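Just so you know, the protein sequences line up as chains A and B, in that order.
Take 0 as the starting number for the first sequence in numbering that gives the first Met the number 0 and just add one per residue.
Take 0 as the starting number for the second sequence in numbering that gives the first Met the number 0 and just add one per residue.
For every residue, glycine included, the Cβ atom is placed at its ideal position computed from N, Cα and C.
These numbers come from a predicted model, not from an experiment.
This report refers to the structure that appears directly beneath it.
There are 2 protein chains.
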Amino acid sequence: MRNVQDMKLREGVEWAVHCCINLSWLAPDRAVPAARLAEFHNLPAAYLNKQLHALGRAGVVSARSGPRGGFRLGREPEKITLMDVAVAIDGSAQAFLCTGIRHQGPAGGIAGPAGRRTPCTVAQAFSHAELAWRHQLASRTIADLADAVRQANPAAPDHVRSWFDRT
Amino acid sequence: MRNVQDMKLREGVEWAVHCCINLSWLAPDRAVPAARLAEFHNLPAAYLNKQLHALGRAGVVSARSGPRGGFRLGREPEKITLMDVAVAIDGSAQAFLCTGIRHQGPAGGIAGPAGRRTPCTVAQAFSHAELAWRHQLASRTIADLADAVRQANPAAPDHVRSWFDRT
DNA sequence: GAACGGGTACTCGGATAACTATTGTCCGAGTGACTGTGG
DNA sequence: CCACAGTCACTCGGACAATAGTTATCCGAGTACCCGTTC
Chain A
0 MRNVQDMKLR EGVEWAVHCC INLSWLAPDR AVPAARLAEF HNLPAAYLNK QLHALGRAGV
60 VSARSGPRGG FRLGREPEKI TLMDVAVAID GSAQAFLCTG IRHQGPAGGI AGPAGRRTPC
120 TVAQAFSHAE LAWRHQLASR TIADLADAVR QANPAAPDHV RSWFDRT
Chain B
0 MRNVQDMKLR EGVEWAVHCC INLSWLAPDR AVPAARLAEF HNLPAAYLNK QLHALGRAGV
60 VSARSGPRGG FRLGREPEKI TLMDVAVAID GSAQAFLCTG IRHQGPAGGI AGPAGRRTPC
120 TVAQAFSHAE LAWRHQLASR TIADLADAVR QANPAAPDHV RSWFDRT
């Protein structure tokens with residue numbers, strides 16, 4: 000039971016975003032195994048595999064089994080937002096879900112049945128805040144971040160490509 | 000060790016906000032025991048006590064022991080933001096703390112020492128989103144919410160007062 | 001009648017356990033490539 | 001030389017533990033009130 004959905008950003012979100020950026024610099028048809036992506040950042044391979052699998056379910060990446068298989072971006076980097084990644088990994092859609100405590104106990108008798116129809120003010124306030132957060136994440140794409148990284152370090156894409164091409 | 004600070008809104012935050020609103024309607028010198036506040040919303044008394052204690056450390060409420068003791072607001076409701084409450088309960092200041100994985104493993108060698116000085120693009124993006132969230136929460140005060148509730152149900156303050164005055 | 005001292009009940013405060021969720025690991029199913037063989 | 005079938009190694013995918021964080025609980029320290037006693 001999940002009464003209160005959480006807004007926690009699991010560590011895997013950070014990993015996933017970095018992986019997506021790296022993948023965006025590789026040839027579109029080039030698939031990279033999870034183990035190799037993990038090695039690049041010193042991450043636990045098996046666990047990263049699990050996260051990438053979650054991204055696969057969301058369509059952010061596409062997976063292929065067998066030799067020369069692995070993961071590659073499921074669509075153009077311009078079409079992948081940070082929100083997509085966060086939702087894929089974290090799963091939760093809403094961070095603050097009103098428990099409805101204002102209707103429990105003696106407090107419930109005060110507002111009466113009419114109060115049960117009006118929205119919970121507290122929940123509304125938190126929802127607005129969360130909406131702002133989500134809006135920000137939805138406005139940034141993997142392509143955006145990749146460009147920013149390239150601007151700070153123009154050689155990065157080539158270096159990443161060459162490292163992943165090493166056998 | 001807390002590598003990744005979390006943004007999770009613990010259930011206690013919701014409780015605390017509701018309690019603060021209720022307290023804002025009582026006489027300023029009126030102290031309410033945690034047990035009574037808990038009874039009002041059917042919450043576990045001992046645990047709510049703990050959360051209120053956290054609010055006390057942050058100055059949001061002030062506590063008094065002994066008979067006729069309990070909790071009351073530590074300052075005017077206009078001076079208490081939702082952010083204050085969330086931070087007091089949740090404690091964490093930053094939700095997304097960059098783990099620095101881009102410097103671990105082979106990836107670190109690519110950017111080089113220079114890359115270590117440039118800020119992590121991924122972390123920046125998430126920080127902006129979190130800032131928007133925090134800004135929203137900081138812009139809403141307990142007084143705001145109390146007014147909104149009163150607008151939806153004008154009789155609420157009196158009812159709350161009278162219930163808490165019952166022996 | 002008023003002041004004082006002791007007792008008592010009540011409250012917070014922090015230390016302690018139970019539980020849930022996240023992190024991490026492992027092995028099996030599936031798939032594509034490679035090799036050797038036959039035409 | 002080309003096509004084909006069998007085998008193999010490689011990869012994902014989901015099921016299975018370990019760990020950390022949150023929820024919940026309990027009991028002790030402190031405090032203000034109340035009552036009985038004394039001046």
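Residue-level contact check: T80 (chain B) does not touch chain A, since none of the beta carbons of chain A fall below 8 Å from its beta carbon.
Here the stretch 73-85 of chain B lies against the stretch 8-18 of chain B, with 3 or more beta-carbon pairs under 8 Å apart. R160 (chain B) has a beta carbon lying at 8 Å or more from every beta carbon in chain A. Taken in chain order, the whole alpha helix (DSSP H) runs of length 4 or more contained in the stretch 70-108 of chain A are 81-89.
Among the residues of the stretch 41-52 of chain B, those with a Cβ less than 8 Å away from any Cβ of chain A are N41, L42, in the order of the chain. For A62 (chain B), the enclosing beta strand (DSSP E) begins and ends at 60-63. Here G68 (chain B) really is in contact with P32 (chain B); their C-beta atoms are around 7 Å apart, less than 8 Å. Under the Cβ criterion (8 Å, minimum of three pairs), the stretch 104-120 of chain A counts as touching the stretch 26-40 of chain B. Check the Cα spacing between G99 (chain B) and each of B:D146, B:S61, B:V121, B:G55: the tightest is with B:V121. Per DSSP, P66 (chain A) is not a residue of any alpha helix (DSSP H), being assigned neither H nor E. Within the same chain, Cβ atoms closer than 7 Å to the Cβ of A53 (chain A) are found at A87, I88, the five residues on either side in sequence being excluded. In the displayed model, T117 (chain A) falls within coil according to three-state DSSP, outside both helix and strand. Put simply, the CB of E10 (chain A) is near chain B, with a gap under 8 Å to one of its CB atoms. Exclusion of the five residues before and after P76 (chain B) leaves S23, T140, I141, A142, A145 as the residues of its chain whose Cβ lies within less than 7 Å of its Cβ. V60 (chain A) places its beta carbon less than 8 Å from that of L51 (chain A). For V31 (chain B), the pairing in a beta bridge is given by DSSP as B:F70. Contacts with chain B (Cβ-Cβ distance below 7 Å) from the stretch 133-148 of chain A involve Q135, L136, R139, L144, A147, V148, listed in chain order. Between the alpha carbons of G111 (chain A) and P118 (chain B) lies a gap of roughly 53 Å. Those residues of the stretch 91-104 of chain A placed with their C-beta closer than 8 Å to a C-beta in chain B are A94, F95, C97, T98, I100, R101, Q103, G104, ordered along the chain. Within chain A, no residue has its CB atom less than 8 Å from the CB of I88 (chain B), the nearest being about 13 Å off.
When Cβ-Cβ separations below 8 Å define contact, A131 (chain B) makes contact with chain A. Contact annotation, Q150 (chain A) with A131 (chain B): C-beta distance approximately 23 Å; criterion of less than 8 Å not satisfied. A direct Cα-to-Cα measurement between L8 (chain A) and G58 (chain B) gives close to 28 Å. Chain-order list of chain A residues neighbouring F70 (chain B): empty, with the shortest C-beta distance near 17 Å, by a criterion of under 9 Å. Under the 10 Å beta carbon count, G90 (chain A) is surrounded by fewer than 16 other beta carbons and is classified as exposed. G114 (chain B) belongs to the set of residues whose beta carbon lies under 8 Å from a beta carbon in chain A. Taking C-beta atoms under 8 Å as the contact rule, N152 (chain A) and G11 (chain B) fail to qualify, at a distance of about 43 Å. Chain-ordered, the chain A residues with CB closer than 7 Å to the CB of A106 (chain B) read F39, H40.
The beta carbon of D28 (chain B) sits closer than 8 Å to the beta carbons of R71 from its chain, once the five residues preceding and following it are set aside; these are given in chain order.
Restricting attention to B:F163, B:P156, B:R56, B:Q103, the CA atom closest to the CA of A85 (chain B) is found in B:R56. Under the criterion of beta carbons closer than 8 Å, A34 (chain A) and A26 (chain A) do not qualify as touching, at roughly 19 Å. For E77 (chain A), the closest Cβ of chain B is not nearer than 8 Å.
Secondary structure note for S161 (chain A): its alpha helix (DSSP H) is the uninterrupted segment 155-164. Excluding sequence positions up to five before and after A62 (chain A), its CB lies within less than 6 Å of the CB of G55, F70, all in the same chain and listed in chain order.
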